[in-house]
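Scroll down for the structure; my scribbles are underneath it.
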Amino acid sequence: MYQYDTIDKAMLADRSSEFRGQVARRLAGELTEDQFKPLRLMNGLYLQLHAYMLRVAIPYGSLNPAQLRKLAWIGRTYDKGYGHFTTRTNLQFHWIKLADTPDILDHLASVDMHAIQTSGNCIRNTTTDPYAGATAEEVDDPRVWAEAIRQWSTFHPEFSFLPRKFKIAITAAPKDRTAARVHDIGLVLKRARDGALGFEVIVGGGMGRTPYVGPTIREFLPVNRLLSYLEAILRVYNRHGRRDNIYKARIKILVAALGKDEFAKQVEAEWAKIGEGSDLPDTELARIRGAFAATNFEVLPAQSEAFEAAKASTPAFARFVRNNVKPHKKPGYGIVEVSLKGIGDTPGDATSEQMDVVADLAEQYGLGDIRVTHEQNLVLPHVKLDDVPAVWAALAEAGIATPNINLVSDIIACPGLDYCALANARAIPIAQHIAEKFRDQDRAEKIGELKIKISGCINACGHHHVGHIGILGVDKKGEEFYQLTLGGSGAEDASVGSMLGPALPYDKVADAVDTLVDVYLRERQDGERFLDTFRRTGVTPFKEAVYADAH
Amino acid sequence: MPTLIELKDDVYRGAEDPFTHVADDQDMAAGDVIVSLNRFQSEGEGLLSEGRRVGVRLKAEEEVEVLAYDLPRLAVVALEFPKYRDGRAYTNARLLRERFRFKGEIRAVGDVLREQAGFMVRVGFDAFEPADDASANEWQAAARRYRHVYQRSADGRAPAFAEREA
Numbered sequence: 163m164y165q166y167d168t169i170d171k172a173m174l175a176d177r178s179s180e181f182r183g184q185v186a187r188r189l190a191g192e193l194t195e196d197q198f199k200p201l202r203l204m205n206g207l208y209l210q211l212h213a214y215m216l217r218v219a220i221p222y223g224s225l226n227p228a229q230l231r232k233l234a235w236i237g238r239t240y241d242k243g244y245g246h247f248t249t250r251t252n253l254q255f256h257w258i259k260l261a262d263t264p265d266i267l268d269h270l271a272s273v274d275m276h277a278i279q280t281s282g283n284c285i286r287n288t289t290t291d292p293y294a295g296a297t298a299e300e301v302d303d304p305r306v307w308a309e310a311i312r313q314w315s316t317f318h319p320e321f322s323f324l325p326r327k328f329k330i331a332i333t334a335a336p337k338d339r340t341a342a343r344v345h346d347i348g349l350v351l352k353r354a355r356d357g358a359l360g361f362e363v364i365v366g367g368g369m370g371r372t373p374y375v376g377p378t379i380r381e382f383l384p385v386n387r388l389l390s391y392l393e394a395i396l397r398v399y400n401r402h403g404r405r406d407n408i409y410k411a412r413i414k415i416l417v418a419a420l421g422k423d424e425f426a427k428q429v430e431a432e433w434a435k436i437g438e439g440s441d442l443p444d445t446e447l448a449r450i451r452g453a454f455a456a457t458n459f460e461v462l463p464a465q466s467e468a469f470e471a472a473k474a475s476t477p478a479f480a481r482f483v484r485n486n487v488k489p490h491k492k493p494g495y496g497i498v499e500v501s502l503k504g505i506g507d508t509p510g511d512a513t514s515e516q517m518d519v520v521a522d523l524a525e526q527y528g529l530g531d532i533r534v535t536h537e538q539n540l541v542l543p544h545v546k547l548d549d550v551p552a553v554w555a556a557l558a559e560a561g562i563a564t565p566n567i568n569l570v571s572d573i574i575a576c577p578g579l580d581y582c583a584l585a586n587a588r589a590i591p592i593a594q595h596i597a598e599k600f601r602d603q604d605r606a607e608k609i610g611e612l613k614i615k616i617s618g619c620i621n622a623c624g625h626h627h628v629g630h631i632g633i634l635g636v637d638k639k640g641e642e643f644y645q646l647t648l649g650g651s652g653a654e655d656a657s658v659g660s661m662l663g664p665a666l667p668y669d670k671v672a673d674a675v676d677t678l679v680d681v682y683l684r685e686r687q688d689g690e691r692f693l694d695t696f697r698r699t700g701v702t703p704f705k706e707a708v709y710a711d712a713h
Numbered sequence: 003m004p005t006l007i008e009l010k011d012d013v014y015r016g017a018e019d020p021f022t023h024v025a026d027d028q029d030m031a032a033g034d035v036i037v038s039l040n041r042f043q044s045e046g047e048g049l050l051s052e053g054r055r056v057g058v059r060l061k062a063e064e065e066v067e068v069l070a071y072d073l074p075r076l077a078v079v080a081l082e083f084p085k086y087r088d089g090r091a092y093t094n095a096r097l098l099r100e101r102f103r104f105k106g107e108i109r110a111v112g113d114v115l116r117e118q119a120g121f122m123v124r125v126g127f128d129a130f131e132p133a134d135d136a137s138a139n140e141w142q143a144a145a146r147r148y149r150h151v152y153q154r155s156a157d158g159r160a161p162a163f164a165e166r167e168a
C-alpha cells in the first residue's frame, strides 16, 4: 500500500491548521454562517437536518487497520458509535459538533487521513476496483493511477472551482466493480496487442436528473500520458461547462450538447497544445508503482483442507463462501467480502465495534489491507483460505457475515429523508423492508444476482438509475411515493433503467419488488440473471404483474 | 476604492493603484486605464498611441486567446470572478503565463477572497483587489499556507514529485 511521506503528511497538517483557524473565526462570530459555508464545504462538513455531517475521504477505498481503528474511535468519541460508508467509498459521520471538527481532522491526519475534496465543485475521491491487487482478472493494478490522480487533483490550482463536482473511476478488470461508465470520467485499463498499457477513456456518464452511460472518447491512451489528457478534459469542461443552472452543470451535459465527436475533438486539440509537460515523470510513476508492489504472499497449495472441511461440516459457512468469498490471483488465498447489509440494518452503516473487528481481522489474517466498495461493503482482499473459517466466525459474531453479496438484500441506499436535507422520501426503511421480505437465504440464493438501488431524491446518490431494480423517492403532495425503474446496470454492461409505471406509495414498495422477483423466477431461462431476463422479455410482464391490482 | 495588493519578489504589499477602471458607459479617464475587451477593441489603438499604459478586463466567459496578438502591448490583464465559485479565470490566468508567456500584471478582480489566494497565486495572478478587505499580510498568510504543492503550474514551484527526486 502507498505510504504517505513527509510531503503528504505536511499537506494534511497544513490543511488541518487552516481549518482550525476558520472554525475559530466562525465560533467567535467573525464569520457568518453564509461566509463560513464555502469554507466548511471545502472540508467535507455539511449541515444536515439534525447536525453537522463530516465526510471523511478514503482515497480509492483503501484503508489500513490503524486507519479503520481511528475511524471507529472517532465514531465512538465524537459521534454515536457508528459511521456510514458511502457509494464514493468515503465514510460519513452524521452527528458531529462543529467545535469538535478541528480536533477530528487532527486525529484523522495522525493516520494520514483527511476530508479534503469530499465536497465542493472539485475533483472528488477516485473510485477503483476493491479487488485491485487481488483479482486475477486485472491487467495491471489500478491503484497506481488512482494514487497518481489523488496527488494531481489535490488542491489543483486550476480545477478547484469547476462548474460542478467531478468524479473519476478506474478499473483494470473486464468485470467492472467501479461503475466506470456512469462517472464523469471512467478509465478502463487495457493492454494493446503489443503489450503496452493504456486507458479507454469514457467521459460524460452520470446519474441525477439526466442519466447517461458515458461515451468512449478515446479507445487507447498510453498510460504515461494520463495526467495531460485529464488536464485537457478538465480544461475544456472548466471553460465550457454550464454555470447558469446547477442541474445542467455536470460534464455529461456538455458532452451531450456538443456530441461526443466534437467534445473529443476539442479535448484532443487542447491536449496537443499541452504536450508532455503535465505528465508525471517515469521515476515518480515507478515510485508509486513500487508502493503497490506484490504483497508478501506465501506459496500455498490451491486447496485448503481446513477450508474444505469447514464447508463440508458447516452449511452456514458454505453459504458464506458461495456468496462472499471470491477467487484470488494467488493459490490458497481468497477475497472476503464483509457485508454491511445485515437484514434490518442500515445499508453501509458500521458500528465502531464492527470497524474494530474488521481492523483486527485485517491485521491478523488479511495482510493489513481493507477496502471499501462503492456498493457500501468492506473487503478483506488477501485472506488465506486456511483462515477463512476463523475470519467468518469473527465476522458472524460481530453481525457482519450476512451471506448476501450481490443478492437481493445487498442494497445500495442513500441516507434519504432520515438525514438528508435534499431528500423527498426515506430510503433506508425501504431497503430494510425489502431485505426483511427476502430474509430466507435459500430463496435469496435461488434468485441470484439482483442489484437494488434506492435514492431518496433525483440527485441519485443511491444510484437508482443503474439498479437492476431502481427505486426513486418522490414527493407527491407531501407524501412519500416511489418510482420504480428496471434494467439498469452500472457495470461493464451499463445501462439506464426504464420506468415501470406510476409511482407507488411507501407501504407498497417491498411487495412490488416481491412481485417483480416472482415474475423473473417464472420467466427466467437457464442461467439468466434478473437483468438478463428483463432485457429479453421487456417491461410488459413485470408491469402487468405489479399493476394488476389497479386494473 | 478597493485596496490593491501586489505580489513582487515573493512579497505581498498594499499599493496605490496607478490604473483607473473605466466602465463601458463612463467617460474615458486620464492616465493609465483598465477597460473592457469591447472598449479595448474599439479604442485601444488610440489609448496606446497616447502613451498611456492600458489594461484589459476580461469577463469570466471571455477567453484569453482573443488577446493573443495584443498581449505585448498590455500592461495588465484583469480577470473577473463574478462569484468566487466561478473558476474560469484560473484557466485564463494559467494560459496567459504558460501558453502566451505574458509578463505583465495579471490582476484578480470581482469576488476575490483570501481563501482563494493560494490557488490564484499558483496560476499566475500577481495583483489582487480583495473583496473581503483582506490586508496584504492576511493575503500573504493565506497564499503561503501550504508548504508543498502536488502539481506543476504557472508559479514555477517544484511539485512534490520533483521535491522527492531532489
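Protein chains in written order, with our numbering: chain D, 163 to 713; chain R, 3 to 168. C-beta atoms are modelled at their ideal positions from N, C-alpha and C, and glycine is treated no differently.
Nearest to residue i by CA position, among the options, is which residue?
{"i": "Ala558/D", "options": "Glu611/D, Ala478/D and Leu547/D", "result": "Ala478/D"}
{"i": "Val461/D", "options": "Lys491/D, Glu642/D, Pro443/D and Val487/D", "result": "Lys491/D"}
{"i": "Tyr152/R", "options": "Lys171/D, Glu470/D and Leu579/D", "result": "Lys171/D"}
{"i": "Leu174/D", "options": "Glu167/R, Arg166/R and His150/R", "result": "His150/R"}
{"i": "Tyr166/D", "options": "Gln313/D, Ile278/D and Glu299/D", "result": "Gln313/D"}
{"i": "Ile169/D", "options": "Thr316/D, Phe382/D and Gly237/D", "result": "Thr316/D"}
{"i": "Leu662/D", "options": "Val520/D, Val636/D and Pro703/D", "result": "Pro703/D"}
{"i": "Val306/D", "options": "Ala298/D, Ala294/D and Asp241/D", "result": "Ala294/D"}
{"i": "Ile562/D", "options": "Leu542/D, Asp637/D, Pro577/D and Leu201/D", "result": "Leu542/D"}
{"i": "Tyr240/D", "options": "Pro264/D, Pro221/D, Gly223/D and Ala358/D", "result": "Pro264/D"}
Does residue i get closer than 9 Å to chain D when you measure Cβ to Cβ?
{"i": "Ser155/R", "result": "yes"}
{"i": "Met3/R", "result": "Note that Met3/R scores 45 on pLDDT, short of 50, meaning its location in the model is unreliable and no value can be drawn from it."}
{"i": "Arg109/R", "result": "no"}
{"i": "Ala136/R", "result": "no"}
{"i": "Arg124/R", "result": "yes"}
{"i": "Gly89/R", "result": "yes"}
{"i": "Arg147/R", "result": "yes"}
{"i": "Glu18/R", "result": "no"}
{"i": "Arg54/R", "result": "no"}
Determine the chain R residues that contact residue i at a beta-carbon separation under 8 Å, and present them in chain order.
{"i": "Lys435/D", "result": "Arg101"}
{"i": "Ile169/D", "result": "His150, Ala162, Glu165 and Arg166"}
{"i": "Glu180/D", "result": "Arg147"}
Would residue i pass as an interface residue toward chain R - the criterion being a Cβ-Cβ separation below 9 Å?
{"i": "Gln538/D", "result": "no"}
{"i": "Ser440/D", "result": "yes"}
{"i": "Ser660/D", "result": "no"}
{"i": "Asn586/D", "result": "no"}
{"i": "Leu201/D", "result": "yes"}
{"i": "Asp176/D", "result": "yes"}
{"i": "Pro667/D", "result": "no"}
{"i": "Trp104/D", "result": "Nothing in the structure corresponds to residue 104/D, since chain D is present only between 163 and 713."}
{"i": "Gln313/D", "result": "yes"}
{"i": "Glu467/D", "result": "no"}
{"i": "Asn287/D", "result": "no"}
{"i": "Met204/D", "result": "yes"}
{"i": "Tyr164/D", "result": "no"}
{"i": "Asn283/D", "result": "yes"}
Just to make sure I have the definition right: I need the residues of chain D whose C-beta is within less than 9 Å of the C-beta of residue i. Which are they?
{"i": "Phe121/R", "result": "Phe317, His318, Pro319, Glu320, Ser322 and Phe323"}
For residue i, go through chain D and note every residue whose CB falls closer than 7 Å to its CB, in chain order.
{"i": "Arg170/R", "result": "Within the shown structure, residues of chain R are numbered from 3 to 168, placing residue 170/R beyond reach of any answer."}
Would you list the one or two residues that DSSP bridges to residue i?
{"i": "Met215/D", "result": "Tyr208/D"}
{"i": "Ile364/D", "result": "Gly348/D and Thr378/D"}
{"i": "Leu6/R", "result": "Ala17/R"}
{"i": "Thr290/D", "result": "Ile332/D"}
Using the beta-carbon of each residue, which ones in chain D are nearer than 8 Å to residue i?
{"i": "Glu169/R", "result": "The structure shown does not extend to residue 169/R, since chain R is modelled only from 3 through 168, so no value can be given for it."}
{"i": "Thr93/R", "result": "Glu320, Arg397, Asn400 and Arg401"}
{"i": "Arg41/R", "result": "None at all; the shortest Cβ gap to chain D is about 23 Å."}
{"i": "Arg96/R", "result": "Pro319 and Glu320"}
If the cut is a Cβ gap below 7 Å, which residues of chain R does residue i touch?
{"i": "Met173/D", "result": "Tyr148 and His150"}
{"i": "Arg188/D", "result": "Near Arg188/D there are no residues of chain R at all, since even the closest Cβ is about 13 Å away, more than 7 Å."}
Under 9 Å Cβ-Cβ, which residues of chain R neighbour residue i?
{"i": "Pro443/D", "result": "Phe163, Ala164 and Glu167"}
Problem set entry | Inter-stretch contact at 8 Å, needing at least 3 Cβ pairs: the region 231-240 of chain D / the region 174-187 of chain D | Touching, no, given that fewer than three Cβ pairs across the two stretches are closer than 8 Å.
Exercise. Counting Cβ pairs, one atom from each stretch, are 3 or more of them under 8 Å apart for the region 589-597 of chain D and the region 656-675 of chain D?
Worked result: Short answer: they touch.
For this session: Check each residue of the region 445-457 of chain D: if its Cβ is closer than 8 Å to any Cβ of chain A, include it; give the result in chain order.
Result: Absent from the structure: chain A. Protein chains present are D and R.
Problem set entry | Validate contact between the region 12-19 of chain R and the region 126-142 of chain R using beta carbons, cut 8 Å, 3 pairs | The region 12-19 of chain R and the region 126-142 of chain R touch, with no fewer than 3 CB-CB distances between them shorter than 8 Å.
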